[in-house]
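Working notes, structure below.
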Amino acid sequence: MDVEKMEIRDVIEFALEREVMARRLYEQLAARTRQDDARMMFLELVTFEAEHVRIFTRALAVEIKRLGFDVPSFLEKAEAKTFTMPGILDNQTLKTGALADVLPAAKSFEKGMAAFYAQVSRHSAMPQVKEACLRLSAEEMSHYDYVVRVEEVMKLTPEFDDGEFHPQ
């Protein structure tokens, strides 16, 4: 994705929709897992992703106002959409897929968002946007590490994964 060629409205919509989808991903994973430690970790990721919406919209408040962009309405529509992370994870895999399918997709998504925010930071002329997006990029990479820790907590290994969300 080339952020430099995107209109600011598209950048805002891209980021907000993906943060909503990331939060929904971790909510689904928390609801499906039977292991308390992993569930708590997923719920922490839910909180982190929800906070990203606030950080991003605050950093782009001037542009959001200039565009007349209705953030609450957009978020409501994003919530109503069928879950999807295009090219990474679909709704069916999220609902029924084994951790061996879902957690690598979550890690891929986190890396992609880190790269997206880094690009936005590089191409923005607004200091508050640069700073916020650098922070968000770093946080997305820490989420990647967090998902790796979830895998370790759940002792997920391909040869033992039976598709259920429980420790082996």
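Convert by adding 198 to the 1-based position in the sequence shown; the result is the number in this note's numbering.
Yeah, the Cβ is synthetic: ideal placement off N, Cα and C, and Gly gets one too.
Assignment of Leu258 by DSSP, reduced to helix, strand and coil, places it in the coil class. In the DSSP assignment, the residues bridged to Met283 are Leu287. The C-alpha of Met283 lies about 9 Å from the C-alpha of Leu223. Here Leu243 really is in contact with His341; their C-beta atoms are around 6 Å apart, less than 8 Å. Proximity to Phe212 across Met238, Pro325 and His250 peaks at His250, based on C-alpha coordinates.
Only buried fits Thr231, as 16 or more other CB atoms lie within 10 angstroms of its CB. Under the DSSP assignment, Gly310 falls in the alpha helix (DSSP H) whose first and last residues are Leu297 to His321.
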